[in-house]
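Undergrad:
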Amino acid sequence: GAMAEVSTIISVVEQHLHKSK
Amino acid sequence: LNSSGSFRVLVGVTGSVAALKLPAVVDQLLQLPGVDVRVVTTEHAKHFYNHAEVAVKIYSDKDEWELWKQRTDPVLHIELRRWADLLVIAPLDANTLGKISNGICDNLLTCVVRAWDTSRPLLFCPAMNTAMWLHPITAQQISRLKEFGYMEVPCI
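The listed protein sequences correspond, in order, to chains A and B. First residue of the first sequence? That's 13 in the working numbering, and the numbers climb one at a time after it. First residue of the second sequence? That's 30 in the working numbering, and the numbers climb one at a time after it.
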């Protein structure tokens, strides 16, 4: 039950950032 | 993008050991161009990270109560809901997962979630020990959150 890698979390946020543009 | 021109990310942090990654999460978010970051913490989460290592404003339950003195004062969880373009809860512990899946809102973070504008993305990153993870209610609660339209970033 370890949290997702930080890099994975950042890349999901980044996808939403690009969608918002 | 909102009128400020930035993409505003609100990071929710709860009381799992994985909360020790908060400074890294915030640092890496700040490296994305045009991203503004704030943090909402639960009281238990504070145990796992060093406040001084987090470069952005951290809100906690105390701020919610201190901000409101009279009827015309703003309500913090509503202000934060309005402010944020995206909410990412990392880590989401077993207790807060249980609360959110049942609509319970007894602290600043769960109030933000309860008031969340579901046209904006809400990401959650579950983290708990294996024994708790294997309890059959975990899968039910995660599936409930997905029904609400929230997006899971699965644990490893």
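Glycine included, each C-beta is placed from N, C-alpha and C at the ideal position.
1) Looking at C-alpha atoms only, which residue of A:K31, A:E26, A:T20, A:K33 is the closest neighbour of L61 of chain B?
2) What are the residues of the stretch 139-161 of chain B that lie near chain A, defined by any Cβ-Cβ distance shorter than 8 angstroms?
3) Could you list which residues in chain A have their beta carbon closer than 7 angstroms to that of V117 of chain B, in chain order?
4) Taking 8 angstroms as the cut-off, does the stretch 82-100 of chain B touch the stretch 147-154 of chain B (at least 3 CB pairs, one atom from each stretch)?
5) What are the residues in the stretch 47-60 of chain B lying within 7 angstroms of chain A by C-beta distance?
6) Can you find at least 3 beta carbon pairs, one from the stretch 127-147 of chain B and one from the stretch 47-60 of chain B, that sit closer than 8 angstroms?
7) For C154 of chain B, does the three-state DSSP call read helix, strand or coil?
8) Excluding the 5 residues preceding and the 5 following V182 of chain B in the sequence, name in chain order all residues of the same chain whose CB lies nearer than 6 angstroms to its CB.
9) Are any of the Cβ atoms in chain A nearer than 9 angstroms to that of F36 of chain B?
TA: Working from what's here:
1) A:E26
2) P150, L152, C154, P155, A156, M157, N158, T159, M161
3) I21, V25
4) no
5) A47, K50, A53, V54, Q57, L58
6) The stretch 127-147 of chain B makes no contact with the stretch 47-60 of chain B; the number of CB pairs closer than 8 angstroms stays below 3.
7) Reduced to three states, the DSSP call for C154 of chain B is strand.
8) L152, C154
9) Chain A contact via Cβ: present.
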